[in-house]
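See below for the structure under consideration.
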Amino acid sequence: MNWKIIFQLSVFGLIMAFGTISLIPEQFEFIFWLVIFAFCAFVIARTNRRKFFLHGFSVSMVNSIWLTVIHVLFYKTYADHHPQVVKAVGTLPLAMHPRLLMVLMAPIYGCIFGLILGLFSFIASKIVSSKIAR
Numbered sequence: 000m001n002w003k004i005i006f007q008l009s010v011f012g013l014i015m016a017f018g019t020i021s022l023i024p025e026q027f028e029f030i031f032w033l034v035i036f037a038f039c040a041f042v043i044a045r046t047n048r049r050k051f052f053l054h055g056f057s058v059s060m061v062n063s064i065w066l067t068v069i070h071v072l073f074y075k076t077y078a079d080h081h082p083q084v085v086k087a088v089g090t091l092p093l094a095m096h097p098r099l100l101m102v103l104m105a106p107i108y109g110c111i112f113g114l115i116l117g118l119f120s121f122i123a124s125k126i127v128s129s130k131i132a133r
């Protein structure tokens with residue numbers, strides 16, 4: 000595993016964590032994530048010889064840590080700018096403890112998006128030639 004590249008690519012998750020607090024509207028957030036996932040998949044395919052899926056999955060798991068920590072720390076601002084998320088959370092168990100709910104849901108979201116980025120990375124490995132001789 001190339002932990003250096005995993006950590007470096009996860010910095011996009013840290014940037015998005017701060018960006019989604021108040022700068023990026025929730026209806027456009029998925030566009031930013033698609034661009035980030037495509038770029039990460041390309042970099043993973045170019046810089047690794049194998050385990051493309053696992054590298055992509057790992058990047059998303061680290062991203063989920065960044066996102067959860069930042070959103071929990073700045074929950075009030077995040078909630079003010081994401082009323083639809085707050086409304087959806089209001090129907091779930093633990094609605095009275097939204098920060099705890101975020102922490103509990105983070106691994107699930109990390110896995111779901113990890114599967115997506117892992118798949119992107121695997122597909123990119125079939126399209127893009129690696130800088131490293133295979």
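Residues 0 to 133 in numbering that gives the first Met the number 0 are what the sequence shown spells out, letter by letter.
Yeah, the Cβ is synthetic: ideal placement off N, Cα and C, and Gly gets one too.
Secondary structure at residue i, three-state DSSP: helix, strand or coil?
i	result
G89	coil
F27	coil
M60	helix
M101	helix
S21	helix
K3	helix
S124	helix
A94	coil
R45	helix
F36	helix
H81	coil
Short check: CB of residue i to CB of residue j, under 8 Å?
i	j	result
L99	A40	no
E1	T67	Residue 1 is actually Asn in this sequence, not Glu. For N1 and T67, no; Cβs fall outside 8 Å.
W65	S9	yes
Among the options, which has the Cα closest to the Cα of residue i?
i	options	result
L91	P24, L103, H81	L103
S57	V85, F121, G109, S128	G109
K50	I111, I4, F112, M101	I4
K125	G18, R48, H80	R48
Just mark residue i as buried or exposed, buried being the case when its beta carbon has 16 or more other beta carbons within 10 Å.
i	result
I107	exposed
A105	buried
M95	exposed
On the premise that residue j lies in contact with residue i, defined as a C-beta separation below 8 Å, what is that separation, rounded to the nearest angstrom?
i	j	result
S120	I43	4 Å
I35	F73	So it is not a contact: roughly 20 Å between Cβ atoms.
Q83	E25	6 Å
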